[in-house]
Structures are given as C-alpha cells and as structure tokens.
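I have placed the structure first, in the form of structure tokens, so that the comments after it can refer back to it.
2 protein chains.
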Amino acid sequence: MNPTPEEYLERELPRFREELFDFLRIPSVSARREFSADVRRAATWIQDQLTAADLDSRILETDGHPVVWGEWRHPDPAAPTLLIYGHYDVQPPEPLEEWTSPPFEPEIRQGRIYARGVTDDKGQVFLHLKALETLLQTESELPLNVIVLLEGEEEVGSPNLLPLVEEHRQRLAADAVVISDSHMFAPGVPSLLFSLRGLSYFEVRFRGPAGDLHSGSYGGAVVNPANALARLLASLHDRQGRITLEGFYDDVAEWDPETREALRALPFDEDAFRKELQVDSLGGEEGFTTLERLWMRPTCDVNGFVSGYTGEGAKTVLPREARAKVSFRLVPDQDPQRVSRLFQEHVQARTPPGIHSEVEELHGGPPWRAEPRGPFFDAARQALEEGFGATPVLTGEGGSIPIVRGFEEILDVPVILLGFGLPGSNMHAPNEWFPESHVERGIQTLIHFYRKAGELAGGTSQSA
Amino acid sequence: MNPTPEEYLERELPRFREELFDFLRIPSVSARREFSADVRRAATWIQDQLTAADLDSRILETDGHPVVWGEWRHPDPAAPTLLIYGHYDVQPPEPLEEWTSPPFEPEIRQGRIYARGVTDDKGQVFLHLKALETLLQTESELPLNVIVLLEGEEEVGSPNLLPLVEEHRQRLAADAVVISDSHMFAPGVPSLLFSLRGLSYFEVRFRGPAGDLHSGSYGGAVVNPANALARLLASLHDRQGRITLEGFYDDVAEWDPETREALRALPFDEDAFRKELQVDSLGGEEGFTTLERLWMRPTCDVNGFVSGYTGEGAKTVLPREARAKVSFRLVPDQDPQRVSRLFQEHVQARTPPGIHSEVEELHGGPPWRAEPRGPFFDAARQALEEGFGATPVLTGEGGSIPIVRGFEEILDVPVILLGFGLPGSNMHAPNEWFPESHVERGIQTLIHFYRKAGELAGGTSQSA
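Protein sequence lines, in the order shown, are assigned to chains A and B. Sequential numbering from 0 applies to the first sequence in numbering that gives the first Met the number 0. Sequential numbering from 0 applies to the second sequence in numbering that gives the first Met the number 0.
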C-alpha cells in the first residue's frame, strides 16, 4: 500500500533537505553576467525535479534567463486550474564579508537555514515542488490542474516574463495564481497579503570634470559632483519626511478607516521591531504609524552611492563622478511611469551648472491591492489555519512583486500571496534565513491548499 | 679634465632618465599596508643614490615608514646650510582603469612622462638627487652644506616627521629649507609660492540598522543612513557656496588689496582652465574669482563616499551604513584643530535619531603664508629666471604641504617652495604626468639655485 502524503513527507524529509541545500548551492544571481551559467543550471535543476515528480516540464528560452514550465492536467475537464508562480534567481550576495557562513553554502544554526535565496524565493519555490511530488508520488494525481511557471529574472525586474505570459495566455488560462514569496506576519501568526508596494528604481550619475582632480589644487573653484549629488539626494525629502517630487502624492489613494483600524489592531510590537534592527529610534513620514509607513505610504530610499576614494586613509581627490541608486516604493494608485517622469524632472531641475546628470531607470512595477475573497483565498486561509494552528491575519507588504499586477491584468485571475518566510529574514541582505521548521509546515500547508482549492473551486479532487 | 656640470648633465641625461623610471616603478603607496615593503624599497633606492653621489646617507627608522637622510658638509665652517625636504611616497593609484598606461610603468607620450608620483613628489625629489650628483661628480664639492631629508609618509599626513625634526633639531640647523613639490604657474611661467592652504580631513560614518535590510520591507520606517548622510553632506554649504560650520570664517584673514590686485594681474585664462577640465561652468563661493577661491578662500569637498549596493543593475537594499571622506582646505589664520572641533559639533548636531555617527580625523595641517624675501628667495628667483628664461611670478597654491609650517616653527628658517610641475599634472588622480623637458631644466635650475644660495647667503662656495 502506498504511504499517505503525510507519511511520505515525514519519510522523505531528510532527502528533501539535502535537495534544498543542493538547490541553494547554485549561485543563480540574475543581475551579474558572470553567473549566467549558474542561473541556467538552477533552471535545469528544477526541470529535473518536476520531471521526477511526474509533471510535464520544459525550459522556455527568453531574451534573458530561461523560464521553467511544468504542467499536470487533471483527467476531469472541469477541474479548476492553479498557476504556481515563483522565481529561482537570487539577489547578489554582497557584501560577502558580512555573511557568517558563505551565501551559497547553506548552514543550519539555531533552527534557521542560512543561504542566499532561501526565503527569496528558491526555498519557497522548493516547498511547492515537494508538495506536488508528495501528492503525485502517493496519490498518483493532484486535486486540480497545475501549471508551474518559474522565472530567473525576478530580481532584475522580470523584463521577459509578461511578454511570455501574453504569448502563452491560452495555455496559462487558470482560476488563480499562487505565489509564495512573502513573509508571515510573525512566528506563529500566518498571514495573507492584501497589498504590495510598487517600485521605481533609478541610477543617477553626476559627472563633473573630465578626470579626478587634486582637491587642494582645484577645490573651491570646480563644482564637486559628490557634494552636488549629496544635495540632490537631500532634496528628495522635506522636514516632515515627505517626498518632494512635484505632484508625487497626487495619486496616493486614501485607505478606508476599517483597514487602518484593522492594521492598528495587529499584534505589532514596535519595540521588538526596533530592537531586532538594533536602532535606537525609528523614523519616517510624520503622522503615520510604522505599519502604515511600511504598507500604505510611498517612500524614497538611497539604495547605494559611490564616488571618489573610499579606501583606507586619506586621499585628497575631487572626484570626477558620483553615482547613486535611488528607489521609490509606490502605493495604489501611483504609476511607476509617472514617478519616473517626475523624478527625471526633479533631477534635471536640480543639476547645478558644471555638472552633467544622467538618470537611468533600472526597474519599475506598479503597486497592488487585493480583493481578499473567493474560493482560492478561502482555501489558503483554511490551509494556513491547519498548517500553523492559527487564524491567518491580513497584512500589507512594503516590498514589491511587480508581476502580481501583470498576472491579474493578462490572465484576469485573482492572485494569492501565501508566504512562509518570517520577518527579519534578511531578504536582499547578508545572512538571509528561513525557519527550518517551515520546510515541513510549508509543504503540509501547500498540500492542504491544493486539496481545499480543488474542493472549493470545483470539488473535482473528490470525483477523480 | 673633468667635464663641467653642464657637460656632465648633458652626457648623463639618458642614464638619469633610466634611473628616474626605475624609481617610479617602485609602488611606494604609503596609505596601504600591502605596499610597506615597496615603500622601504624606495627609501633604500634613494639611499643608494645619495651614497653613489658622495653624500653621507642613512635610513632613519620611525614608527611608520622610514626617513632617508643625506648630508654633505662644506669644509668652510661659515658655509650656509640648505635643507632639502621631499617625499618618496605616493598617492594610491586607483581608479586603475582610468590610467592610459599603468601607474607604475612610466611611459613618455607627447613630451610628458606619465607615472604615479612623477610630479608628486618622486620626480621632483629626483631632480635634487641629480643636481647634487652632477655638482659633486664634476666639482667634487657643493657650494654650501646640504642636508637631504626625504620622508615616506607625506601622503598620509607625515605623522612621524615633525617628532623626528624635533629630535634632530641641532643636526638639522639650516639657513633655509627648499621643497620642490609644487607647480609652476603655467608652461614657460616659473613661479614661487607665497601661500598654501591647510587641511582638515575626516571620515564620517553613519550607522543605522544592524544589517542591510530589504528596502521594500523596511523602507519608510527605518532611518536610512545613506539618505541621512546625504543630508549631512548637503548641509555643509549654504546657497552662496559658503561653509556652514558655525564660526568657520572667524579666523579667515583678509588679504591686502595689493596681493589681491597682483593676483588679478596674473595671466590666468579662466576659459582655458574650464576647457582643460572639460566642464561647462566653474563654481564656488560667491564674490570671489577662481584664483581667489583656490588660493585665498577655504573650501569643503567630499573626497569620496560609499554605501549600499553600487554594482551593476538594481538591488533593493536599505544599507546599514554610509561613509564619506570630507575635507576642508584652510587659509591663514585657520587652525585645523579648531576646524576639527567645529566639524564634529556640526555632525553631532545633525545626526538624526536612529543613526549612530562617528567622525575620524585622518589628516590635518595648518595653512601657510610666506615672507617672499631674503637671500634664498632671491637665489630661487634668479635660478628660475636662468633655468626658464622668464621672471618668476608669485602664486598661491590650493593644496597643502603641512610640513612647511612645522619646519618654520621648529627650525626657525624660511621655506622656499620651488616647484617644476605644470598645472593639470593630475597629482592625486589617474594619468599623473611631468613635462619631460623639465627633467633637464629642473636639474639645471637647482644647480643654479645651490650656487646662488651659496653666493648670496654666505659666498663660501667661492672660497672653498
């Protein structure tokens, strides 16, 4: 007799962990050309997993990194269809010296698996792969039609995904999209997302003299691009922490009092949040709470800057150039294209004589707000309750998953954001981690989710 | 019969050039520990040159890089004494990719010798070594007593030189110090310096959260050290280009109308200056000319900054730290210690809640103004006139040679700044160069200078 899915999962868990570690060891950094072969290796690794689990699978080439496609069709033509989206590429791991263990050598410490991509998003993609394998290897079928679509360019703005979704929109017809690329609200408090912020990300270059100059011989008479860029960056906020781009807040939607009330009722411990970050004080736009600042208000952060000499000791150089990465997080109903125009106008107006400025848009995506209802949403809620023994809360997320809006618009389906990471998991930072216990719980929850979605959205899993 | 110095110089010039290139090939970067052995190698190389030229020479150890000492005593006890000071260490060569030829592989292109340190200051130190050799090898004596004092820490603020001068003040007793570490006003326009700016150089660190954060998940609620540091840097100037440190201008001396008038009479081509730098506009403190801004007014430049992600593409990080190198050029009678205090107070007052700031003072030196008179000054003027066929002009210099004031104070002697570089020589920048023809002219001029100094300051060279 076949084992039950639960027995299979328990039995195979040690192997799953080995495989997860193998997956995490592949440095699939999409932003760097030198890792292209590794990105492809990660795609092939997933394809092999899908094939072994008994899905049809193939690699779709794009102008950039490939997309992995998996498919399992239920014999019942009335069965609902779930599209599982995720990404197998990861953020660059730098600064390397701040990792306790190397980013691509997974290590477990105090119940946490540390590795680049373990939360964002390879570890969470892996949960789906293993939930599918577990059901197919024990029950020989899934409770609904499943399409798996995993891209390798999410961390560089998914330039090739939406065209591919457009091209294959017939084949991708589905009743819902599920994405596991987010956090639970807190340990033991599972959550479902109702909003995501959008993104406009830029690189600004200020060029001054043709070459680096001696700051003694030239300082005071030559406009210094580093000083000038600092003034530009400082000009992006006013004293109330509001962003100064002209007309920036015109499209910021007011949230209804009920949602703001629900937000204030969440068990958020600001003091613990502050302590976890080891800062003596939080800050941001005046008149808003921390969760409102994170989920409902737009923001502008310098993500990096560099100019001149930054090594050991003193070098008296007047740098020829200064560069900064600057990004805006957007909220409904802001439009990244409009923000891009406003930013470029702002930079243009504040480039002093003696400086040549350039703005390059590197990444953009619209904000999103969900309708938290329907059978797939209900299935997710019930699955989380079973998997974690607690009623999930509704939360926002300050980050962006730009593809969410694309799926909604092209495929006209709801998107369910069902994440298993924990706050403080260091996504996009050194020492990214994922709770070890969430590997098993995540797979269990996803098995529940597929089953309940099959039941609630069509009930076909019972009749198959 | 011995050749004359002029004949010797002409004959040996090809060898001199080979030796200069050997000297320039030693990467004597004092700011970096990994070059310590090379810095010492440069010291030994000079010691060998001094010995070969017939000076007594030795290496003096310090807590840092060594000092090279050379000495030649005239038989006439009444002979005047000239102390030749210079430095054999060089600035770091970065950014390497901007050098047309490698920084430590000297190359001649269009009449210019390109190499790190060729102007600042190894090339100019070399002129003295060869002027001394030429006189000693042809006339078997020098026209005065000579002490050569060459340090290897000028580019890191000469931390060990003044204590050594203090310790050896009896032995270093001299009638004048000559330093060749500066520029002529223009090609064909030799000059003598009457002022140098001082320096206060700092590194500022702004620390925020304990680790890098995802700028989506945390942006808007966590104070971003890069944004905050940009605001600090922007706060250092007002709209008129004046420095905002409280009380910063209290000690800035007014220059007499005659000197300002003489400055305005110099053949300075602002348009050519602007074109050489390839900027469409110059800038600086309102109400002052370019040369006044460079020579008579203090300034504040960001020499470098770094934070977060600065590589290819987009990384949505909220950086945990931001750093900047910031330096002030000071004019008489500003005091670097007072400026250091004012800067630290300014930073302290402008560190926002949520940020921990640190200021490290990396380098400091007082400004200097010369008395342009006396026998050594007259000797220098006549020597330049003979060497370059043009009357030297009096100029200021925006850069700093912090040791100048130290010599004046400890040894109570005038300091003569007799430089052979040309404007635009890229000191402290990629593609540093020195005019090839100034090797011969520089040596000739120095031979004239030693002779005339011997005559005017004591006439002993005639009686020896």
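In this text, a Cβ means the ideal position worked out from N, Cα and C, and glycines have one as well.
How about residue i and residue j: are their beta carbons less than 8 Å apart?
{"i": "ASP62 of chain A", "j": "GLU154 of chain A", "result": "no"}
{"i": "VAL251 of chain A", "j": "GLN343 of chain A", "result": "no"}
{"i": "GLY69 of chain B", "j": "VAL147 of chain B", "result": "yes"}
{"i": "GLY353 of chain B", "j": "ASP279 of chain A", "result": "yes"}
{"i": "GLY405 of chain B", "j": "VAL164 of chain B", "result": "yes"}
{"i": "GLU284 of chain A", "j": "ARG296 of chain A", "result": "yes"}
{"i": "PRO321 of chain B", "j": "ALA233 of chain A", "result": "It is Ala, not Pro, that sits at residue 321 of chain B in the sequence shown. Cβ atoms of ALA321 of chain B and ALA233 of chain A: not closer than 8 Å."}
{"i": "LEU466 of chain B", "j": "LEU171 of chain B", "result": "Absent from the structure is residue 466 of chain B, since the part of chain B shown begins at 0 and ends at 463."}
{"i": "VAL316 of chain A", "j": "ALA428 of chain B", "result": "yes"}
{"i": "GLY418 of chain A", "j": "SER216 of chain B", "result": "no"}
{"i": "PHE247 of chain A", "j": "LEU341 of chain A", "result": "yes"}
{"i": "ALA229 of chain A", "j": "ALA229 of chain B", "result": "yes"}
{"i": "SER326 of chain A", "j": "TYR449 of chain A", "result": "no"}
{"i": "VAL117 of chain B", "j": "TRP367 of chain B", "result": "no"}
{"i": "THR394 of chain B", "j": "GLY218 of chain A", "result": "no"}
{"i": "ILE107 of chain B", "j": "GLU439 of chain B", "result": "no"}
{"i": "ASN430 of chain B", "j": "TYR113 of chain B", "result": "yes"}
{"i": "VAL358 of chain B", "j": "VAL346 of chain B", "result": "yes"}
{"i": "ALA452 of chain B", "j": "ALA378 of chain B", "result": "yes"}
{"i": "GLY303 of chain B", "j": "TYR308 of chain A", "result": "yes"}
{"i": "THR133 of chain B", "j": "ILE400 of chain B", "result": "no"}
{"i": "LEU262 of chain B", "j": "LEU290 of chain B", "result": "yes"}
Locate the alpha helix (DSSP H) running through residue i, then write down its first and last residues.
{"i": "ASN226 of chain A", "result": "224 to 233"}
{"i": "VAL346 of chain A", "result": "335 to 348"}
{"i": "TRP98 of chain B", "result": "Run containing TRP98 of chain B: none; DSSP gives neither H nor E here."}
{"i": "ASP47 of chain B", "result": "35 to 52"}
{"i": "PHE22 of chain B", "result": "4 to 24"}
{"i": "ILE112 of chain A", "result": "Where ILE112 of chain A is concerned, there is no enclosing alpha helix (DSSP H), although the beta strand (DSSP E) it sits in stretches over 111 to 113."}
{"i": "GLY122 of chain B", "result": "121 to 138"}
{"i": "LEU421 of chain B", "result": "LEU421 of chain B -> no alpha helix (DSSP H), and no H or E assigned at all."}
{"i": "VAL164 of chain B", "result": "160 to 166"}
{"i": "VAL392 of chain B", "result": "Where VAL392 of chain B is concerned, there is no enclosing alpha helix (DSSP H), although the beta strand (DSSP E) it sits in stretches over 392 to 396."}
Tell me which residue opens and which closes the beta strand (DSSP E) that residue i is part of.
{"i": "LYS324 of chain B", "result": "320 to 329"}
{"i": "PHE433 of chain B", "result": "432 to 434"}
{"i": "ALA175 of chain B", "result": "175 to 178"}
{"i": "ASP55 of chain A", "result": "55 to 59"}
{"i": "LEU81 of chain A", "result": "80 to 86"}
{"i": "ILE415 of chain A", "result": "414 to 416"}
{"i": "PHE287 of chain B", "result": "It is not in any beta strand (DSSP E) - PHE287 of chain B carries neither H nor E in the DSSP assignment."}
{"i": "ARG108 of chain A", "result": "106 to 108"}
{"i": "GLY69 of chain B", "result": "66 to 71"}
{"i": "GLU269 of chain A", "result": "First-last for GLU269 of chain A: 269 to 276, but that is the alpha helix (DSSP H), not the beta strand (DSSP E)."}
To which residues of the same chain is residue i closer than 7 Å at the C-beta, ignoring the five residues directly before and after it?
{"i": "LEU416 of chain A", "result": "ILE178, SER181, LEU191, LEU192"}
{"i": "LEU59 of chain A", "result": "PRO65, VAL66, TRP68, LEU163"}
{"i": "GLN48 of chain B", "result": "LEU128"}
{"i": "ASN159 of chain A", "result": "THR61, ASP62, GLY63, GLU152"}
{"i": "LEU421 of chain B", "result": "HIS182, MET183, PRO186, PRO434"}
Going by the DSSP bridge assignment, what does residue i pair with across the sheet?
{"i": "ASN144 of chain A", "result": "A:THR80"}
{"i": "ARG238 of chain A", "result": "Paired residues: none, contrary to the question."}
{"i": "VAL28 of chain B", "result": "B:VAL89"}
{"i": "VAL221 of chain B", "result": "B:GLY218"}
{"i": "TYR200 of chain B", "result": "B:SER326, B:HIS362"}
{"i": "ALA369 of chain B", "result": "For ALA369 of chain B, which the question treats as bridged, DSSP gives no partner whatsoever."}
{"i": "VAL188 of chain B", "result": "B:ALA185"}
{"i": "LEU212 of chain B", "result": "B:LEU317"}
{"i": "GLY303 of chain A", "result": "A:LYS324, B:GLY307"}
{"i": "SER356 of chain A", "result": "A:PHE205"}
So which residues of chain C does residue i contact, with C-beta pairs closer than 9 Å?
{"i": "ASN430 of chain A", "result": "Absent here is chain C; the protein component of the structure consists of chains A and B."}
Ignore the nearest five residues each way along the sequence and tell me which others in residue i's own chain have a CB closer than 6 Å to its CB.
{"i": "GLY85 of chain A", "result": "ASP120, VAL124, LEU149"}
{"i": "GLU396 of chain A", "result": "SER181, LEU192, LEU195"}
{"i": "THR80 of chain B", "result": "ASN144, ALA173, ASP174"}
Going by beta carbon distance, what residues of the same chain come within less than 8 Å of residue i, once the five residues before and after it are set aside?
{"i": "ARG319 of chain A", "result": "ARG206, GLY207, PRO208, ALA209, GLY210, ASP211, LEU212, PRO224"}
{"i": "PRO413 of chain B", "result": "ALA175, VAL176, ALA369, GLU370, GLY373, PHE375, PHE376, GLU407"}
{"i": "GLN336 of chain A", "result": "GLY363"}
{"i": "PRO105 of chain A", "result": "LEU19, PHE20, LEU23, ARG24, ILE112, TYR113, ALA114, VAL117"}
{"i": "LEU455 of chain B", "result": "PRO374, PHE375, ASP377, ALA378"}
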